[in-house]
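Peer 1: Counting from 1449, one number per residue, gives the positions in the sequence shown under my numbering. For each residue, glycine too, the CB sits at the ideal point set by N, CA and C.
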Amino acid sequence: MDYKVQTFVSNIEHNLYVSKLKITFNMSGKQQILENFIARPITNELLLEDFNFDGYLDISMYYDLAVENGREEYSIFWLYDPELQQFEPSDFLNQSKVMYSSADAQKKQLEVSTKDKKNFESTFYYVKFENGKAVGLEEEK
1449 MDYKVQTFVS NIEHNLYVSK LKITFNMSGK QQILENFIAR PITNELLLED
1499 FNFDGYLDIS MYYDLAVENG REEYSIFWLY DPELQQFEPS DFLNQSKVMY
1549 SSADAQKKQL EVSTKDKKNF ESTFYYVKFE NGKAVGLEEE K
């Protein structure tokens, strides 16, 4: 699968944030818009990696926003769905507030650290996938 990603930036309180991605699939010319998020391009770039080990590249960006009691920081994920032929948000990974991820293609494991309720990094976990979708966390031993 070959595609081009274009980022769109918004100015929010004098800071630049990526607020939309436009993906053009080169073979079909089909376009997909990913929006309703904000991510800081300064802190991290767009990551293209096969996070769920299905043979297709997925997308992750780092969400970083100042809030009343500090900062909200975590990765947001869109996993490619070959049946729909488009990227879909990974509700499980996004709700888990993943701080760090490392994909091991050989072991087919995605190692992540998540935030606890006090907004600190917590234990490292392995993500469990079923049919290309993240469904659970298994604590690292």
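Just mark Ala1582 as buried or exposed, buried being the case when its beta carbon has 16 or more other beta carbons within 10 Å.
Peer 2: As a position in the sequence shown, residue 1582 is number 134, starting the count at 1. Ala1582 should be labelled buried.
Peer 1: Looking at the structure shown, is Leu1494 part of a helix, part of a strand, or coil, going by DSSP?
Peer 2: Walking along the sequence shown from the start, residue 1494 turns up at place 46. In the structure shown, Leu1494 sits in coil (DSSP, three-state: anything other than H, G, I, E or B).
Peer 1: Helix, strand or coil for Asp1512 per DSSP?
Peer 2: Walking along the sequence shown from the start, residue 1512 turns up at place 64. If DSSP states are grouped into helix, strand and coil, Asp1512 belongs with the strands.
Peer 1: In chain order, which alpha helix (DSSP H) runs of at least 4 residues are fully inside the segment 1513–1587?
Peer 2: The segment 1513–1587 contains these whole alpha helix (DSSP H) runs: 1539–1543.
Peer 1: Under 6 Å: does the beta carbon of Glu1483 sit that close to some heavy atom of the ligand PLP?
Peer 2: As for the ligand PLP, it is missing from this structure, which has no ligand bound.
Peer 1: Compare the beta carbon distance of Gln1557 and Tyr1574 with 7 Å and say whether it is the shorter of the two.
Peer 2: By one-based count along the sequence shown, residue 1557 stands at place 109. By one-based count along the sequence shown, residue 1574 stands at place 126. Yes; because the gap between Cβ atoms is below 7 Å, this pair is in contact.
Peer 1: How many angstroms separate the CA atom of Gly1477 from the CA atom of Ile1524?
Peer 2: What you label residue 1477 is simply residue 29 of the sequence shown in a count that begins at 1. What you label residue 1524 is simply residue 76 of the sequence shown in a count that begins at 1. Approximately 25 Å, taken between the alpha carbons.
Peer 1: What would DSSP say about Asn1474, mapped onto helix, strand or coil?
Peer 2: The sequence position of residue 1474 within the sequence shown is 26, counting from 1. Looking at Asn1474 - three-state DSSP - the assignment turns out to be coil, as it is neither helix nor strand.
Peer 1: Look at the alpha carbon of Glu1586 and the alpha carbon of Ser1549, and state the distance between them as a whole number of angstroms.
Peer 2: Stepping through the sequence shown from its first residue, residue 1586 is reached at position 138. Stepping through the sequence shown from its first residue, residue 1549 is reached at position 101. Cα-Cα distance, rounded: 14 Å.
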